[in-house]
Structures are given as C-alpha cells and as structure tokens.
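J.: Structure incoming, see below.
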Amino acid sequence: MHIQQTKGNLLGLITISLWSCLALFTVYSGEIPPFELLTISFCVASLIGIAMLKKQKRAFNEFFKIPLKAYIIGVVGLFGYHLFYFLAIKNAPAVEANLINYLWPLLIVVFSSLLPNEKLKWFHILGTLLALSGAFLLVLKDGSLQFDTKYTLGYSFALISALLWSSYSVISKTLTHIPTFAVTGFCILTAFFSAIAHLTFEQIYIPTFFELFSAIMLGLGPVGGAFYLWDFALKNGDIKILGSLAYLAPLLSTLILVLVGISNMTITIAIACVLIVLGSLVSSKQYLKIFKNLIFKA
C-alpha cells in the first residue's frame, strides 16, 4: 500500500474521531441559533486555516487562483451540511437525528462506485451493511423503530445533511489538483454567508459561557480542524475504506452521549457497537494483513 494512501487513511481515522464530538457540542451549544452557531464555528475554523497559511508562508492572493467551481462545491458542502445538521439536532432527538445524518458513510461507499477506477468489492458492501445495521440498532426502542412524526422536519434536515456531505466528499476525491489550503477559503466564505443569514433571519443571541465554549470547541475540532484532515484523507486515502470506517463516528458519538448522560446504555446499543466495529473491520479486509505485519515488525 502506498505510504501517502496509508497516511490519508490514518488522517481520515483521526477526522472520524473528531467528528464523534459533533453531536455532543451541538447539544451543549444550547439556545444558540443555527446560523449564529455556524458563524462562530467557521470563524474559528478560518483562523485555523489562516494560521496554517502563515506557517506554510503562502500569500493570500493564492486564493484567487482557486477555480470558482471548487469554491461553489466547498461552500455548498460545508455551509449546507452543517446548517442542516444543526437544524436537525435542534428539531429532533439527538440520537435519532444523528443516525439519519450518519447515512452519509453508506452513501459515500455507494457514490464512490461512480468514480473512475473505483470498484466496489464484496467486503466493502458487506462491511458497510453490517455497520449500517449497527447504526439502525442505535435508535431501536422496544425492538422496533419508532420515529415520532412530530420530528419529521428534523429527520428531513438530517437526511439532507447526509446527502450533501456524501456528495461533497465524493466530489472532493476528484479535485486532487485543488490544494488543501483552499479549505480555508471555503471556511471564510461559509462564515461570511452564515453571518449574513444570522443577521437576516435570526435575532442576535448572547450565549452563556458554556454555550460559547461549546461553539468554539466545534470550530476547533469537528467543525474546524477536521475539514483540513478530511480533505487530505479523501484526496490521498481509499475513499471506500474511509466511508466504511466513518461508521465508527456514530458509535463513538453515541457512547459519548451515553457517558455524559444524554442517552442511556442498553443491550441494543452494545450489540450495535459490535456490528459497527465488525463492519468496519470487514470493509477494511484488504488492509488488515498489512496492519498486522506492521505491528509485528514494530
């Protein structure tokens, strides 16, 4: 396996770990309106990118060399996904909204088959289906799925967010000629549009210290540094493996919600965890032998 691809896959795994905190900090952001939350988070994300630019000694005029098409894809992906995700969390129970949103790993695996030189193998499909089954178990209640119709709007927002992020991720795989620092421009534009939308559609809300802290943490991790890592991972790693491993995010996310008392641990959740881990391992079958050799050599 190529070293660059290995690095991409590992950075993708780190990104997935960061995303596991997305639901927690979104819930803890409390009453901050969605557009205001986006503005705060993406301002922090932009500062991360600017710091990276200065470290790499890049000039800001390099942003003008990025094609307009890339900016459109980036802003629609980042702004659209997070807007609908925050709306989903605020209009439906956190665990259910999280599950629907996490259909995006499955969609990435499916959509990736449309890319040139990409082919789905049996273990990709089996692993993804196992992980998806585990994800569905996360919202099982008394042995059956019980989605409350009063949360239909929130569920719809979650589905839209899944479609947007999976599409953005797969399209990004084709933009290998666009450098990762371009994500800084996506974040700046997203923060700008979010601020305009906030001032137009929402009332200015003064967050509590804890709400502001949660919004900043979103910007530092799942809605900030994770973007830059994911961009590199998509362009250098195996997109099918990354899509399958992404199901570790809802597993970790649910466990975190359980640990802080937002959700309760049940036998169903435990079985779901096993299925998700098993699915991720099966979908990564072609790499297990390589990782095993690396461990024993170490």
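Residues in the sequence shown are numbered from 1 upward in steps of one, following full-length UniProt numbering.
Built from N, CA and C at the ideal position, the CB exists for glycine as well.
(1) So which of SER112, TYR205 and GLY77 has the shortest CA-CA distance to residue 299?
(2) Suppose contacts are defined by Cβ-Cβ distances below 8 Å. Is TYR247 in contact with TYR168 by that definition?
(3) Indicate the three-state DSSP secondary structure (helix, strand or coil) for LYS121 in the structure shown.
(4) Report the residue from ASP238, VAL109, LEU153 and LYS57 whose alpha carbon sits nearest the alpha carbon of PHE84.
(5) For chain D, is any of its Cβ atoms less than 8 Å away from the one on GLY221?
(6) Quick check on the burial criterion: 16 or more other C-beta atoms within 10 angstroms. Buried or exposed for ASN264?
(7) Which residues bound the alpha helix (DSSP H) around HIS177?
(8) Give the single residue among SER166, ALA191, VAL183 and PHE213 whose Cα lies nearest to the Cα of ILE239.
(9) In the DSSP assignment, the alpha helix (DSSP H) including GLN4 goes from what residue to what residue?
(10) Using 8 Å as the threshold, is the C-beta distance between residue 299 and LEU137 below it?
(11) At a cut of 8 Å, does the stretch 19-35 reach the stretch 210-218 through at least three beta carbon pairs?
(12) Report the option in GLY185, LEU107, LEU37 and LEU11 whose CA atom is closest to the CA atom of SER22.
(13) Could you round the C-beta distance between GLY237 and GLY8 to whole angstroms and report it? I think they count as a contact, below 8 Å.
(14) In the structure shown, what three-state DSSP assignment does ASP238 receive?
(15) Helix, strand or coil for LYS57, going by three-state DSSP, please let me know.
(16) Please tell me whether SER20 and ILE256 are closer than 8 Å, where the distance is taken between their beta carbons.
(17) Suppose contacts are defined by Cβ-Cβ distances below 8 Å. Is SER283 in contact with GLY185 by that definition?
(18) Could you tell me whether the Cβ atoms of residue 332 and VAL170 are closer together than 8 Å?
(19) Can you give the Cα-Cα distance for PRO222 and LYS121, rounded to whole angstroms?
(20) So, using beta-carbon positions, are PHE181 and MET52 closer together than 8 Å?
(21) In whole angstroms, what is the alpha-carbon distance linking ALA151 and LEU175?
(22) Quick check on DSSP: helix, strand or coil for MET217?
(23) Using 8 Å for Cβ pairs, my map puts LYS197 next to PHE35. What's the rounded Cβ distance?
(24) If distances are taken between C-alpha atoms only, which option among LEU220, CYS273, ASN101 and ALA270 comes closest to LEU47?
(25) Within its chain, find whatever has a CB closer than 6 Å to the CB of PRO67; leave out the 5 residues flanking it on each side and keep chain order.
(26) If you follow the alpha helix (DSSP H) that PRO105 is part of, which residue opens it and which one closes it?
(27) By the three-class DSSP mapping on this structure, what secondary structure does ALA36 have?
(28) Is it right to say PHE227 is buried, meaning 16 or more other beta carbons lie within 10 angstroms of its own, or is it exposed?
(29) Would you mind sorting LEU259 into buried or exposed? The rule is 16 or more other CB atoms within 10 Å of its CB.
(30) Can you tell me whether residue 299 is helix, strand or coil according to DSSP?
(31) If ASN106 sits next to LEU132, beta carbons under 8 Å apart, how far is it from one beta carbon to the other, in whole angstroms?
T.: The answer reads as follows:
(1) Residue 299 is absent from the structure shown; the chain starts at 1 and stops at 298.
(2) no
(3) coil
(4) LEU153
(5) In the structure shown, chain D does not exist; there is a single protein chain.
(6) exposed
(7) Per DSSP, HIS177 belongs to no alpha helix (DSSP H) and is neither H nor E.
(8) SER166
(9) 3-19
(10) No information on residue 299 is available, as it lies outside the stretch 1 to 298 that the chain covers here.
(11) yes
(12) For the sequence presented, residue 22 should be read as Leu rather than Ser. Minimum Cα distance to LEU22 is reached at LEU37.
(13) 3 Å
(14) coil
(15) coil
(16) yes
(17) no
(18) The requested residue 332 does not occur in the structure, where the chain is confined to residues 1 to 298.
(19) 30 Å
(20) yes
(21) First, the residue type needs correcting, since residue 151 is Tyr and not Ala in the sequence shown. If you take the alpha carbons of TYR151 and LEU175, they lie about 37 Å apart.
(22) helix
(23) According to the sequence shown, residue 197 is Ala rather than Lys. Rounded, the Cβ-Cβ distance is 4 Å, consistent with contact.
(24) LEU220
(25) none
(26) 104-112
(27) Checking the displayed sequence, the identity of residue 36 turns out to be Glu instead of Ala. Helix, per DSSP.
(28) buried
(29) exposed
(30) Absent from the model: residue 299. The displayed extent of the chain is 1 to 298, so no value can be given.
(31) Residue identity check: residue 106 is Leu in the sequence provided, not Asn. The Cβ separation is near 5 Å, so the contact holds.
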